[in-house]
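First comes the structure, then the notes that go with it.
There are 2 protein chains.
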Amino acid sequence: MPSPLVRKLALFSPLRADDRDRIMSATTHLETFQAETDIVSQGQVPRSMFVVEDGMAARYRVLKDGRRQILTFLIPGDLCDLHVFLLKEMDHGIAAVTNTRVRALTRDRAMAMNFQHPRIAAAFWWSTLQEEAILRERIVALGRRSARERIAYLFCELYWRFEAVDLVTDHHFSLPLTQSELADALGLTPVHVNRTLRKLVAEGLIEKRRNSVTLLDISALKEVADIDRDYLHFGAPPVEVETYFDRLEGNSAGEAAAGAGSPPA
Amino acid sequence: MPSPLVRKLALFSPLRADDRDRIMSATTHLETFQAETDIVSQGQVPRSMFVVEDGMAARYRVLKDGRRQILTFLIPGDLCDLHVFLLKEMDHGIAAVTNTRVRALTRDRAMAMNFQHPRIAAAFWWSTLQEEAILRERIVALGRRSARERIAYLFCELYWRFEAVDLVTDHHFSLPLTQSELADALGLTPVHVNRTLRKLVAEGLIEKRRNSVTLLDISALKEVADIDRDYLHFGAPPVEVETYFDRLEGNSAGEAAAGAGSPPA
DNA sequence: CGATTACTTGAGATTATTCAAATGAGGTGG
DNA sequence: CCACCTCATTTGAATAATCTCAAGTAATCG
Chain A
1 MPSPLVRKLA
11 LFSPLRADDR
21 DRIMSATTHL
31 ETFQAETDIV
41 SQGQVPRSMF
51 VVEDGMAARY
61 RVLKDGRRQI
71 LTFLIPGDLC
81 DLHVFLLKEM
91 DHGIAAVTNT
101 RVRALTRDRA
111 MAMNFQHPRI
121 AAAFWWSTLQ
131 EEAILRERIV
141 ALGRRSARER
151 IAYLFCELYW
161 RFEAVDLVTD
171 HHFSLPLTQS
181 ELADALGLTP
191 VHVNRTLRKL
201 VAEGLIEKRR
211 NSVTLLDISA
221 LKEVADIDRD
231 YLHFGAPPVE
241 VETYFDRLEG
251 NSAGEAAAGA
261 GSPPA
Chain B
1001 MPSPLVRKLA
1011 LFSPLRADDR
1021 DRIMSATTHL
1031 ETFQAETDIV
1041 SQGQVPRSMF
1051 VVEDGMAARY
1061 RVLKDGRRQI
1071 LTFLIPGDLC
1081 DLHVFLLKEM
1091 DHGIAAVTNT
1101 RVRALTRDRA
1111 MAMNFQHPRI
1121 AAAFWWSTLQ
1131 EEAILRERIV
1141 ALGRRSARER
1151 IAYLFCELYW
1161 RFEAVDLVTD
1171 HHFSLPLTQS
1181 ELADALGLTP
1191 VHVNRTLRKL
1201 VAEGLIEKRR
1211 NSVTLLDISA
1221 LKEVADIDRD
1231 YLHFGAPPVE
1241 VETYFDRLEG
1251 NSAGEAAAGA
1261 GSPPA
């Protein structure tokens, strides 16, 4: 049984078996966080990065007066704060939404993998880019989509992301979020989320149980939200990337970090 | 006269003189884009990445029915789509807001610099991380801040970013955005931007001319928006980063890409 | 079972939008 | 220099979306 991380990376990255093994063996340490607790706190200097094994977490920020905005949800397979070693402190927090298990990865090991194994660096980078694309889509949603469209959008996104790590069965996936949390993610009020949600239910587009959803009509939801799966950038990287790594390994297995600042073209 | 890129990188990155030279000499090709034209279009497969030399550009997405959301503004010194070589097509477009000059950087050169010079890779990465932080802050603004707070937030952000590349004099900087563009960035209507803007003017917090703003009372604006400069992550990286690179160069000037998957600790 | 938390529903208040029209600034050609 | 044009800004009034407050219902947990 491959970890969700490996499952997700397999969808896009130029990783090879040995790199996958490296990642696997660097992330053996499992840690569990109770629901509602911080995995990383805002302002903290993080000591390690991690991969979500199961459960669900959320990046969030709170304003002084208590208003909260959930920035992203982290689901199994998501790499988290790979990069953080370059920054001094977290500008947001990460909290477990449900009980969540994560695999920790120390700063040192992450840096070593990142700077010594180009294919791993590329995979890490792809992951960051997907995260960025997810943030952009959220901005579009909050800035220009109605409440109804926002819910449709978020459900589509989560559906596709869960699907990518094999956690969807028959259009149904686990979604342990309260309406209040949905509201904080979508820039709405819990009350308004409630009304809008149950309108979608009434129309037969979705089915909502306490800890899960079923998307009964995905193409209708896509239509409502005006969204397409492409922004998640699943799918193999461009061929040139593979070519590039082959060339890099071919001509410099032992000197990739040396000169050669100029390109072959 | 250093380019704005180098000026910006100097604020945080572990780059050394030789790396800076590499970047400079890889980005000699200047290109000009007229206002309102696309620098990169949505759906396009980008052939190169670039650095903004002067002018202003915006990442944006448009929905089928014409609603537009501006995601980020690109100002001089901003590195743009470093990463893009890993992805197949753009999920958004980048348009020049005013006449804008950019320095192009081919895919090959960018990949070479990124994978063969760890300090450059780190600088690129930092830049991506800052971009991500900017996106997060925008999400907080659109999701949980009022119109008034959003404008205050955006002006603070641009102020700090322009300041970082020495483009602020006496609390005053160039801002060639129409109220309509501001609206598309902030998830509001032009009309509402107008009213809110002139309230801020009336209160003496800002001064707005056709193509520029003066922030008359930044601490009041920060208060209004409940925002702090820290999220932009300007400032030197943590010491461990510098230590890491020293070690990396010390023990493997010519074999950084070889084995050594396990960390020293 | 009682306590707590999540969800549901209603009614009125707000914020921001839409539509429409007027004003102002900058540029162009005569 | 003026008449004219265009585009951005400003203002007004009516409307729609969403929020707030408040109360009630269902579900969960010890």
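Protein chains in written order, with this note's numbering: chain A, 1 to 265; chain B, 1001 to 1265.
Virtual Cβ for every residue (Gly too), placed ideally from N, Cα, C.
As the structure is a prediction and not an experimental result, all values here were calculated from the model.
1. Output needed for R16(A): all residues of its chain with C-beta closer than 8 Å, excluding positions within five of it in sequence on either side, in chain order.
2. Please name the residue, chosen from D1166(B), R1144(B) and W1160(B), that lies closest to G66(A) on a Cα-to-Cα basis.
3. Measuring only the C-alpha atoms, how far is E1203(B) from V201(A)?
4. Let me make sure I understand the geometry here. Which of D78(A), G187(A) and I227(A) has the alpha-carbon closest to that of V102(A)?
5. Any Cβ of chain A within less than 8 Å of the Cβ of R1067(B)?
6. Compare the Cα-Cα distances from H1029(B) to each of G1043(B), P1004(B) and A1104(B) and report the closest residue.
7. Please identify, using Cβ separations under 7 Å, the residues of the stretch 143-168 of chain A that lie next to chain B, in order along the chain.
8. At the level of alpha carbons, what is the spacing between E89(A) and E1137(B)?
9. Leaving out five residues on either side along the sequence, give the residues of the same chain with a beta carbon under 7 Å from the beta carbon of R1022(B).
10. Name the two residues that bound the continuous alpha helix (DSSP H) containing F274(A).
11. Which residues in chain B sit within 7 Å of Q86(A), going by Cβ to Cβ distance?
12. Given a threshold of 16 other Cβ atoms within 10 Å of its Cβ, counted over all protein chains shown, does D184(A) qualify as buried or as exposed?
13. So is A1257(B) buried or exposed if we call it buried at 16+ other beta carbons inside 10 Å?
14. Tell me K1208(B)'s beta-bridge partners as DSSP assigns them.
15. Closest to L232(A) by C-alpha separation, out of S127(A), I151(A) and V168(A), would be which residue?
16. Kindly indicate which three-state DSSP category H172(A) falls into: helix, strand or coil?
17. Measure from the C-beta of D217(A) to each C-beta in chain B and report whether the shortest distance is under 8 Å.
18. With A1122(B) and S1013(B) assumed to form a contact (beta carbons below 8 Å), what rounded beta-carbon distance in angstroms separates them?
19. Measure from the C-beta of E1132(B) to each C-beta in chain A and report whether the shortest distance is under 8 Å.
20. Taking the alpha carbon of T27(A) as the reference point, which residue from D108(A), V62(A) and P46(A) has its own alpha carbon closest?
21. Let me know the secondary structure DSSP gives D184(A) once reduced to three states.
22. Nearest chain A C-beta to L1135(B) closer than 8 Å, yes or no?
23. Give a yes or no on whether 8 Å exceeds the smallest Cβ distance from H1092(B) to chain A.
24. Please classify K1199(B): is it buried, with 16 or more other beta-carbons within 10 angstroms of its beta-carbon, or exposed?
25. Cβ of H1233(B) less than 8 Å from any chain A Cβ?
26. I need the DSSP call for V165(A), collapsed to helix, strand or coil.
27. When burial is assigned at 16 or more other CB atoms within 10 Å of the CB, is G55(A) buried or exposed?
28. Give the straight-line distance between the Cα atoms of K1222(B) and L215(A), rounded to the nearest whole angstrom.
29. Starting from T1100(B), follow its DSSP beta bridges and name the residues at the other end.
30. Excluding five sequence neighbours on each side, which residues of the same chain lie with their C-beta closer than 8 Å to the C-beta of D246(A)?
31. Taking M111(A) as the query, report the chain B residues whose CB atoms sit under 7 Å from its CB, ordered along the chain.
32. Show which residues of chain A have a CB atom less than 7 Å away from the CB atom of R1229(B).
33. Please report the residue range of the alpha helix (DSSP H) in which A133(A) lies.
34. Answer yes or no: does any C-beta atom of chain B fall closer than 8 Å to that of K208(A)?
35. Drop a sphere of 10 angstroms on the beta-carbon of Q1034(B), count the other beta-carbons inside from all chains shown, and report buried for 16 or more, exposed for fewer.
The structure says:
1. So the qualifying residues of the chain are R119.
2. Closest by alpha carbon: R1144(B).
3. Cα to Cα, E1203(B) sits roughly 46 Å from V201(A).
4. Minimum Cα distance to V102(A) is reached at D78(A).
5. Chain A, which has a Cβ nearer than 8 Å to the Cβ of R1067(B), makes this yes.
6. Selected option, being the one with the closest Cα: A1104(B).
7. If the cut-off is 7 Å between Cβ atoms, the stretch 143-168 of chain A has G143 and R144 near chain B.
8. When only Cα atoms are considered, E89(A) and E1137(B) end up about 15 Å apart.
9. In chain order, M1113, H1117 and I1120 place their CB closer than 7 Å to the CB of R1022(B), counting only its own chain and leaving out the 5 sequence neighbours on each side.
10. With chain A covering 1 to 265 only, the question about residue 274(A) has no answer from this structure.
11. Here residue 86(A) turns out to be Leu, not Gln, going by the sequence shown. Within chain B, the residues near L86(A) are A1122, W1125, W1126, L1129, P1237 and V1241.
12. Using a 10 angstroms sphere on the CB of D184(A), the tally of other CB atoms reaches 16 or more, which defines it as buried.
13. Note on A1257(B): pLDDT 41, under 50, position unreliable in the model; the coordinate value appears next. A1257(B) comes out buried.
14. Beta-bridge analysis with DSSP links K1208(B) to V1213(B).
15. Of the listed residues, the one whose Cα sits closest to L232(A) is S127(A).
16. Reduced to three states, the DSSP call for H172(A) is strand.
17. Contact of D217(A) with chain B is not assigned, every C-beta pair being separated by 8 Å or more.
18. About 7 Å separates the two Cβ atoms, so the contact holds.
19. Yes, because at least one Cβ of chain A sits closer than 8 Å to the Cβ of E1132(B).
20. With distances taken between Cα atoms, T27(A) lies closest to D108(A).
21. Residue state, collapsed to three classes: helix.
22. Closer than 8 Å: yes.
23. At a cut-off of 8 Å between C-beta atoms, H1092(B) counts as an interface residue with respect to chain A.
24. Its Cβ having fewer than 16 others within 10 Å, K1199(B) is exposed.
25. Under the 8 Å criterion on CB atoms, H1233(B) is classed as interfacial with respect to chain A.
26. Three-state result, V165(A): coil.
27. Counting C-beta atoms within 10 angstroms of its own C-beta, G55(A) has 16 or more neighbours from the protein chains shown and is therefore classed as buried.
28. So the alpha carbons of these two residues sit roughly 42 Å apart.
29. Paired residues: F1033(B).
30. Answer for D246(A): no residue qualifies.
31. The contacting residues are Y1244.
32. Those do not exist, as R1229(B) stays about 11 Å from chain A at its closest Cβ, beyond 7 Å.
33. P118 to R144 is the span of the alpha helix (DSSP H), which, as asked, contains A133(A).
34. No, no contact with chain B.
35. Result: exposed.
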